[in-house]
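This note's numbering puts the first residue of the sequence shown at 3, with every later residue one more than the last. Below: the structure, in structure tokens.
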Amino acid sequence: MTSRPAAAAAPVARRAARTRPRSGRGERPVWMGEPSKLGVGARGLVLGLGCLAVLVPFWAVLVTSIASPEEVNKAGGFVLWTNEPTLDAYRAVLSGGIVTRALLVSAGITVVGTALSLVATIALAYALSRPGSLLHKPVLLMTLFTLLFNPGIIPMYLTVKQLGLLDSYWALILPVLVNAFNVIVMRAFFQEIPRELRESAHIDGAGELRILLRIVLPLSKAVVSVIGLFYAVAYWNAFFSAMLYLQSPEKWPLQLVLRTYVVNNTPIGADQLSSSLENLPPQISVQMAILVISVLPILLIYPFIQKHFAKGLMVGAVKG
Numbered sequence: 003m004t005s006r007p008a009a010a011a012a013p014v015a016r017r018a019a020r021t022r023p024r025s026g027r028g029e030r031p032v033w034m035g036e037p038s039k040l041g042v043g044a045r046g047l048v049l050g051l052g053c054l055a056v057l058v059p060f061w062a063v064l065v066t067s068i069a070s071p072e073e074v075n076k077a078g079g080f081v082l083w084t085n086e087p088t089l090d091a092y093r094a095v096l097s098g099g100i101v102t103r104a105l106l107v108s109a110g111i112t113v114v115g116t117a118l119s120l121v122a123t124i125a126l127a128y129a130l131s132r133p134g135s136l137l138h139k140p141v142l143l144m145t146l147f148t149l150l151f152n153p154g155i156i157p158m159y160l161t162v163k164q165l166g167l168l169d170s171y172w173a174l175i176l177p178v179l180v181n182a183f184n185v186i187v188m189r190a191f192f193q194e195i196p197r198e199l200r201e202s203a204h205i206d207g208a209g210e211l212r213i214l215l216r217i218v219l220p221l222s223k224a225v226v227s228v229i230g231l232f233y234a235v236a237y238w239n240a241f242f243s244a245m246l247y248l249q250s251p252e253k254w255p256l257q258l259v260l261r262t263y264v265v266n267n268t269p270i271g272a273d274q275l276s277s278s279l280e281n282l283p284p285q286i287s288v289q290m291a292i293l294v295i296s297v298l299p300i301l302l303i304y305p306f307i308q309k310h311f312a313k314g315l316m317v318g319a320v321k322g
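This is how it looks when you write it as structure tokens:
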């Protein structure tokens with residue numbers, strides 16, 4: 003027979019089991035309650051409207067860039083559907099004029115700048131992750147100081163001018179070579195790597211450079227991919243630095259061309275496009291083609307790095 007205290011405690015145990023949060027994947031805690039059909043429908047509606055608000059402008063830009071001149075003139079602007087798609091706007095843009103040259107300039111700055119920034123960031127972050135490194139605390143404080151205080155436009159311009167970098171591509175790379183936030187994230191990631199791995203490598207006679215290249219970097223592909231994408235996007239989208247430091251239009255990157263001919267709505271002439279087409283496409287089609295070309299590279303790269311995003315940021319930013 004069951005004793006009276008045990009029988010009295012049974013209902014309390016059952017209530018505690020019902021209110022205890024579930025730990026299984028995909029299961030909702032009991033205290034959150036079951037969502038109502040109205041709530042699920044409302045959330046789905048809001049999510050759908052949000053997706054439409056994001057996708058419709060992209061769709062209009064893409065369709066307008068491939069629409070025929072008749073359809074663009076009939077619509078008087080953006081086209082949401084085309085029955086006669088044509089690539090004349092892209093042929094005109096990529097025919098060797100200012101847009102083609104700006105595309106090559108942006109690609110070169112992005113590749114070179116991202117590579118140099120990754121090398122500098124990895125070296126600095128690895129040095130700061132080792133407490134016994136030379137000038138560890140002063141360099142760390144200087145890095146953190148740059149997160150709080152920005153030098154400003156005028157001091158930065160005067161520095162670039164004194165260094166002789168005006169109207170040079172290096173003016174778009176060297177002043178922003180290292181980002182303090184990226185250094186801190188990568189440093190935290192390096193600190194998460196077990197110390198025993200480095201100690202065993204030291205015992206086997208490996209130096210710091212070999213440990214970094216053979217042990218640390220292979221274990222840090224996630225954070226390196228994410229930081230590399232951050233740098234690539236920053237270099238690709240940079241137009242303000244180009245507007246300040248570059249005087250020659252032939253050195254303009256794509257984003258400055260985009261700002262000049264799309265945002266400011268400056269007409270694009272046939273001499274600037276060097277197109278072999280007899281009749282140039284409408285201005286809005288050419289502008290939308292430039293916009294698509296400026297966005298497309300990042301959209302193509304991001305899916306290959308997206309899987310590293312959560313791991314690269316969270317593991318490097320959360321201790322323990």
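Where a beta carbon is used, it is the ideal one built from N, C-alpha and C, also for glycine. No experiment lies behind these values; they were computed from the predicted model shown.
When you compare only the Cα positions, how much space is there between residue 52 and residue 60?
As a position in the sequence shown, residue 52 is number 50, starting the count at 1. As a position in the sequence shown, residue 60 is number 58, starting the count at 1. Their Cα atoms are separated by approximately 13 Å.
Going by DSSP in three states, residue 1 sits in which element: helix, strand or coil?
Residue 1 is absent from the model: the chain starts at 3 and stops at 322.
On the three-pair Cβ rule with 8 Å, is the stretch 214-230 touching the stretch 110-124?
Yes, since at least three Cβ pairs between the stretch 214-230 and the stretch 110-124 fall closer than 8 Å, the two stretches touch.
DSSP state of residue 254, grouped into three classes?
The residue you call residue 254 lines up with position 252 of the sequence shown. Residue state, collapsed to three classes: coil.
Return helix, strand or coil for residue 81, following the three-state DSSP convention.
As a working note, residue 81 is residue 79 in the sequence shown. It is coil, neither helix nor strand.
Which value, in whole angstroms, describes the spacing of the CA atoms of residue 198 and residue 224?
The count along the sequence shown starts at 1 and reaches residue 198 at position 196. The count along the sequence shown starts at 1 and reaches residue 224 at position 222. Answer to the nearest angstrom: the Cα atoms are 21 Å apart.
Under 8 Å between C-beta atoms of residue 88 and residue 290:
Along the sequence shown, one-based indexing puts residue 88 at 86. Along the sequence shown, one-based indexing puts residue 290 at 288. No.
Backbone secondary structure at residue 75 - three-state DSSP:
Counting from 1 along the sequence shown, the entry for residue 75 is found at position 73. The three-state secondary structure of residue 75, taken from DSSP, is helix.
Going by CA-CA distance only, name the one from 156, 236 and 138 that's closest to residue 184.
Sequence index remark: in the sequence shown, residue 184 carries index 182 (1-based). Relative to the Cα of residue 184, the nearest Cα in the group 156, 236 and 138 belongs to 236.
For residue 286 and residue 79, I'd like the C-alpha separation in whole angstroms.
What you label residue 286 is simply residue 284 of the sequence shown in a count that begins at 1. What you label residue 79 is simply residue 77 of the sequence shown in a count that begins at 1. Roughly 7 Å separates the two Cα atoms.
In this structure, how does DSSP classify residue 169 when only helix, strand and coil are distinguished?
Locating residue 169 in the sequence shown gives position 167, where the first residue counts as 1. Here residue 169 sits in coil by DSSP.
Just confirm the distance between the C-beta atoms of residue 217 and residue 203, as a whole number of angstroms; I'd bet it's less than 8 Å.
As a first step, residue 217 is located in the sequence shown; it is residue number 215 there, counting from the start. As a first step, residue 203 is located in the sequence shown; it is residue number 201 there, counting from the start. Right, the Cβ-Cβ distance comes to about 6 Å (below 8 Å), so this counts as a contact.
Are there three or more Cβ pairs, one per stretch, closer than 8 Å when the stretch 249-256 is compared with the stretch 94-106?
Touching, per the Cβ criterion.
Residue 222 classed as buried or exposed, judged by whether at least 16 other C-beta atoms fall within 10 angstroms
Taking the first residue of the sequence shown as position 1, residue 222 is located at position 220. When all chains shown are included, residue 222 counts as buried.
What is the residue span of the alpha helix (DSSP H) that residue 239 lies within?
The sequence position of residue 239 within the sequence shown is 237, counting from 1. That run of the alpha helix (DSSP H) goes 223-239.
So residue 174 and residue 109 are in contact, right, with Cβ under 8 Å, and what is the actual spacing, rounded?
For the purposes of this step, residue 174 is taken as the residue at position 172 of the sequence shown. For the purposes of this step, residue 109 is taken as the residue at position 107 of the sequence shown. That belief does not hold up - the Cβ atoms of residue 174 and residue 109 are roughly 13 Å apart, past 8 Å.
Would DSSP call residue 198 helix, strand or coil?
Residue numbering aside, residue 198 sits at position 196 when the sequence shown is read from its first letter. The answer is helix: DSSP assigns residue 198 an H, G or I state.
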